[in-house]
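Numbering (my numbering), first residue to last: 697 to 911. The beta-carbon is built from N, C-alpha and C at its ideal position, and this holds for glycine as well. Here the structure comes first, spelled out in structure tokens, and everything after it is commentary.
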């Protein structure tokens with residue numbers, strides 16, 4: 697089973713100074729406080745919140761000069777349907793998958809890939825180009841695209857991996873720029889090993905960083 701924790705911090709251009717950046721960089725992990733009322737889709741019982749192939753915890757923040765405001769906590773269960781490359785429809789991928797992440801299962805291990813989810817989006821003009829593992833795979837949504845799509849790590853049983861990335865977005869209505877710093881913490885273990893503070897490690901077994909230089 698995979699446990700995934702997604703931490704997203706949004707901020708405006710005036711928050712790009714070092715003291716604010718340092719605050720964002722310190723937020724690498726959070727506790728997992730399971731709550732059946734915060735699950736996307738059908739609400740599980742307290743006994744089957746971990747009955748899935750992949751459990752994702754979403755934590756959203758917005759950074760202001762005076763505080764780091766916590767916007768939302770959500771959980772989502774996935775079965776084996778998550779083991780797909782998705783489609784070329786970014787909005788469909790964001791609604792039905794894990795943004796920027798593609799998963800595949802290899803025996804008892806999981807391959808975790810990082811991709812440019814905003815490639816087709818007008819609201820995300822920053823582009824990640826380069827290594828595309830599916831470039832020559834006919835029928836893949838990544839085929840023949842100069843679009844980042846690469847393995848971040850392969851997690852064997854008990855392994856812990858972390859992905860750190862950033863993005864820049866623009867409102868199609870107002871034209872205002874905003875920014876995001878994101879973290880994905882990922883652990884491969886059975887549900888009996890679940891702990892509230894299972895992500896509390898500064899140095900995971902694997903770490904993948906993809907940070908753009910954003911103006």
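Use the C-beta contact count for residue 908: other C-beta atoms within 10 angstroms, 16 or more gives buried, fewer gives exposed.
Label assigned to residue 908: exposed.
Uninterrupted beta strand (DSSP E) stretches inside the stretch 755-818 (no shorter than 3 residues):
Contiguous beta strand (DSSP E) elements confined to the stretch 755-818 occur at 764-774, 797-802, 805-811, taking only those with 3 or more residues.
Which residue's Cα is closest to the Cα of residue 777: 749, 766, 802?
Of 749, 766, 802, the residue nearest in Cα terms is 749.
Can you tell me the Cα-Cα spacing of residue 893 and residue 725, whole angstroms?
About 9 angstroms.
I'd like the span of the beta strand (DSSP E) that includes residue 701, first residue to last.
The continuous beta strand (DSSP E) containing residue 701 extends over residues 698-707.
Check whether the stretch 702-718 touches the stretch 883-900, taking contact to mean three or more Cβ pairs, one atom from each stretch, closer than 8 angstroms.
Because the criterion of three Cβ pairs below 8 angstroms is not met, the stretch 702-718 and the stretch 883-900 do not touch.
Here's a check: name, in chain order, each residue in its chain whose Cβ is nearer than 7 angstroms to the Cβ of residue 779, leaving out the five neighbours to either side.
Take residue 779, set aside five residues on each side of it, and the residues of its chain with a beta-carbon closer than 7 angstroms to its own are 799, 800, 801, in chain order.
Reduced DSSP category for residue 902 - H, G, I as helix; E, B as strand; rest coil
Residue 902: strand per DSSP, three-state reduction.
Name, in chain order, the residues that DSSP records as bridge partners for residue 881.
Paired residues: 701, 858.
For residue 828, the three-state DSSP class (helix, strand or coil)
Reduced to three states, the DSSP call for residue 828 is strand.
Nearest candidate by alpha-carbon position, reference residue 858, set 900, 889, 741:
When each option's Cα is compared against that of residue 858, the closest is 900.
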